[in-house]
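Asks: Numbering (my numbering), first residue to last: -8 to 139.
(1) Mapping the DSSP letters down to three states, classify residue 92 as helix, strand or coil.
(2) Ignore the nearest five residues each way along the sequence and tell me which others in residue 59's own chain have a CB closer than 7 Å to its CB.
(3) Should residue 20 go down as buried or exposed, given a rule of 16 or more other Cβ atoms within 10 Å for buried?
(4) Considering residue 37, what are the terminal residues of the alpha helix (DSSP H) in which it resides?
(5) Since residue 49 and residue 16 should fall inside the 8 Å C-beta cutoff, what is the C-beta to C-beta distance between them, to a whole number of angstroms?
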């Protein structure tokens, strides 16, 4: 990879890391909303799962940012995005007492979130497949092949 390509991969990693660093931190500091979604999906131990999701997101986001264990983390995030998209963002949302126009807006947003999750999964699969580039911890450790 050329220097400019490695720079672009670094920029991509920074952009891909932000969503999980930010949302993971949010779940760790205020898990109530996520716990509510987990409860609504019928999963047990909602608060514990919210904290686990927050920790997973925060740590994997940091790993993408610095390019550490990128192939493993990329695949883990791709699977996480597909799972959470299918479990939390597919289907319709029903909020008792909400007017129909508000529910239409919420359902449209939920569909966008599903597409966002699947799109991010594709980006993380690319990262897992092609690696973090030269400007990464993995490259410094010699755990990825860097083509000149």
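All residues carry an ideal CB built from backbone N, CA and C; glycine is no exception.
Computed from a predicted structure; not experimentally measured.
Replies: The answer reads as follows:
(1) helix
(2) 128 and 129
(3) exposed
(4) 37 to 57
(5) 6 Å
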